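From first to last, the protein sequence lines stand for chains A and B. Remember, the numbering used here sits 19 above the position in the first sequence when you count from 1. Remember, the numbering used here sits 541 above the position in the second sequence when you count from 1.
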Amino acid sequence: MRLPRIFRTTPFRLTLLFLALFAAAASAFLAYIYVATAGEATRRTDREITREMLSLTSVYDRAGVDAVNQSLIERAASERPFLYLLMGRDGKRISGSIEESPVERFHGQPAWTTFQVSDVQSGRPVRRPARGLQERLAGGETLFVGADVGEDQAYVVKVVRALWGAGALVIVLGLAGGVLVSRNVSRSMAGLTEVVEAVRNGDLGARAPVRGARDEFDELAAGVNEMLDRLERSMAGHRHAGDAIAHDLRSPLTRLRARLEAAFLDVEAGRGDPRQALAQALDDTDGVLKTFAAVLAIARLQAAGAALDGAAFDAAELAADIAELYEPLCEDKGLDFKSELAAGLLVRANREFLAQALANILDNAVKYTPAGGAIMLRARRRSSGEVELSVTDTGPGVPEGERERVVERFVRLENSRNEPGAGLGLSLVAAVAAAHAGRLELDEGPGKVGEMGPGLRVALVLPRA
Amino acid sequence: MRILIIEDDVEAADAMERGLVEAGCECVRASDGLAGLDAARQGPFDVLIVDRMMPRMDGVTLVESLRREGDATPVLFLSALGEVGDRVEGLKAGGDDYLVKPYAFAELIARVEALARRRETGSVHTLLRVGELEMDLIARTVHRQGKEIDLQPREFQLLEFLMRHAGQSVTRTMLLEKVWEYHFDPQTNVIDVHVSRLRSKIDKGFDRPMLQTVRGAGYRLDA
């Protein structure tokens, strides 16, 4: 049988546990009170009975059984009477306030007993606990002295009953409190549970409510939401990449297929030399593979998030290295290449990826800057402590409205369609920046100078190591 | 040249063998890691071409076993895993070079030749000589026909690599990897520009060019 949900919640179970502990402690407490009060009352009664018995036996020893009898009559009229029974040697009742002894088996030794006395209080019969002592007198007569344990005991019973009642009340209130707390916690959790359920069913847009209580549930909800944001972005990125790859690989693959088919038909028909078609096909294949490699690299960087491990090294040295690699190329293209590299720019990064990012930025600058233009590679530390690697060119630049878009995968501006490349260069740079908890900034270059410009400044900004 | 191809993809291995045989190599094939290890022990081979991911025993384990047994045959790893970490792992295991799939056949041949050659000229020279060209690795000077050629440090490294692989095709990727130590693929012809600068220094003014462009492959320095 399944319990209702509320009874299976953790807070409710904890409440039950605490109630059980409380009940155990309360029982021990009650037992102690009982022993300390009711036990004390019994002991006091016993002491009184013993004293009375002593006084009566001394009367007997002094003046005999008749004097005892007389004494019993007098004493029975006192304020708080003992119960007496005097029996002869034959065990027959001589006198007393009760008809027969509650002691069932008497062998001559002093014998204690606990029994009940009936009484009438305010018109209602009550039975009260009583204690009694029976002894054999020196002459062979038997004397029984008893007393009810009295008001004390009744008072203790009342206290104990009250305590039991209070205990029951505490348990009831505790259970109610447990249910309330459970419901409250359940409500807090319900939002999260719903979100998890929704995400499991494929709705990545679901978000947990943050109630603003700034408690641990809010923290958890905020954490879950952040995780989902990131997951959603990553999924959207993958979906976009998937579409883009399909789009961008399909055309070269289609071209490749057509070329191979044409070459095949030519060879079948014995026409011409297929070599050129094959060479073209190889080129096409290389292009597709390059695109593929770039897409994979980006995907891996994005999957790594900002958690790419890297060693600390001097970014200026790397920049100098890359500058040395690109300088002759610029010179050949009639571009004025300069570099301005500050010393000791320690960054913690993946050297290979950083080198590739810089190379991509320079590739772009070289591709788009017309002969006679200039390219400047700069490495410096910003006042914020961040390390900035930037490339400024005097090419046509990127219109402000387009700057965000050119970083996206496969986006190429209209006038650059006839340049080689798949439009992945800056996307890779952006992915490298993100994977190092840095960013990519695009700005206008030095401005328009004659036919040139306004140019583009691409900066890769990395956090201080 | 005797080459052992350890590759589980039969079609890829077929193509590789055809190309290598055409290039004058003798090929032995194994189609999984364990068979490959056995074949390698039968040796000797000039170069082992080892795929990284194979049934029964992966390439890295295979090469580690061989190295433990004292077999120093040059190993070229082939892998679809192109991450820097994967490359480092392969080289650490005892691989001598690492080629990421898919590759151009010219690239494979060039690397196999480079590995086989490295074995022949394993000893340390302080003086490299290719035809009329002389390179002093200590003084860091280069002479052709006794005339000193002034080179930038990187040009010197580039020429050193070409001289060590004289008579063999070396690809642009190999140059970027071995001389600049980068493993990415630039979109522009940066390497070509460096090579043509070097060419103008060592060939200009001499009757015969030594640094050849090999179509579809890369460059070759001839004696």
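Idealized CB from N, CA, C, for every residue including glycine. The structure presented is a predicted model; accordingly, all values stated were derived computationally and were not measured.
Distance from the Cα of A655 of chain B is smallest, within the candidate group B:G611, B:K719 and B:Q698, for B:K719.
The beta carbon of L344 of chain A sits closer than 7 Å to some beta carbon of chain B. DSSP links D592 of chain B through a beta bridge to B:L619. Taking a cut-off of 8 Å for Cβ pairs, the stretch 457–468 of chain A and the stretch 550–564 of chain B do not touch, as fewer than three such pairs fall below it. In the structure shown, the three-state DSSP call for G224 of chain A is coil. For A45 of chain A, the closest alpha carbon among the candidates A:Y174, A:A187, A:V84 and A:K177 is that of A:A187.
In this structure, the CA atom of T29 of chain A is about 36 Å from the CA atom of Y53 of chain A. In this structure, R458 of chain A lies away from G404 of chain A, with their beta-carbon atoms at least 7 Å apart. D638 of chain B: member of the beta strand (DSSP E) spanning D638 to V641, first to last residue. Residues of the stretch 716–730 of chain B that bring their beta carbon within less than 8 Å of a beta carbon in chain A comprise W721, Y723, H724, F725, D726, P727, Q728, T729 and N730, in sequence order. Short of 8 Å from the beta carbon of I113 of chain A, and not among the five residues preceding or following it, lie these beta carbons of its own chain, in chain order: V84, N88, L105, M106, G107 and E160. For V734 of chain B, the chain A residues whose Cβ falls inside 7 Å of its Cβ are P347, L348 and D351, in order along the chain. Chain B places no beta carbon closer than 7 Å to that of A225 of chain A, leaving this residue out of the contacts. Contact with chain B is absent for D355 of chain A, since none of that chain's Cβ atoms lies less than 7 Å from the residue's Cβ. Per DSSP, the unbroken alpha helix (DSSP H) holding I341 of chain A starts and ends at A334 to D351. Cα atoms of L762 of chain B and R608 of chain B: separation of roughly 32 Å, rounded to the nearest angstrom. The distance from the Cβ of S710 of chain B to that of G759 of chain B is about 6 Å, consistent with a contact at the 8 Å cut-off.
Around the CB of L445 of chain A, 16 or more other CB atoms lie within 10 Å, so the residue is classed as buried. DSSP lists A:I394 as the bridge partner or partners of F356 of chain A.
Scanning A:V191, A:G231 and A:G261 for the CA closest to the CA of T34 of chain A turns up A:V191. Residue pairing for M676 of chain B: DSSP places it in a beta bridge opposite B:L669 and B:V683. Annotated three-state conformation of M254 of chain A is helix, per DSSP. Within chain B, the residues P727, Q728 and T729 have their CB atoms less than 7 Å from the CB of D382 of chain A, given in chain order. Among the CB atoms of chain B, one or more fall inside 7 Å of the CB of Q375 of chain A.
In chain order, D333 and A335 place their CB closer than 8 Å to the CB of G363 of chain A, counting only its own chain and leaving out the 5 sequence neighbours on each side.
In the DSSP assignment, Q153 of chain A forms a beta bridge with A:A130 and A:F163.
Taken atom to atom, the span from the alpha-carbon of F586 of chain B to that of I544 of chain B is near 6 Å. From the listed residues A:T413, A:S402 and A:A390, the smallest Cα separation to L396 of chain A is found for A:T413. Boundaries of the beta strand (DSSP E) harbouring D412 of chain A: V406 to D412, taken from the DSSP string. By the 16-neighbour rule on beta-carbons within 10 angstroms, Y51 of chain A is exposed. For the stretch 679–709 of chain B, residues whose beta-carbon sits nearer than 7 Å to a beta-carbon of chain A comprise R695. Contact between M704 of chain B and L674 of chain B is confirmed by a C-beta separation of about 7 Å, below the 8 Å threshold. Going by DSSP, V736 of chain B is part of the alpha helix (DSSP H) stretching over V731 to D744. The beta carbon of A378 of chain A sits closer than 7 Å to some beta carbon of chain B.
Assigned with DSSP and collapsed to three states, K309 of chain A falls in helix. Where Y760 of chain B is concerned, the enclosing beta strand (DSSP E) starts and stops at G759 to L762.
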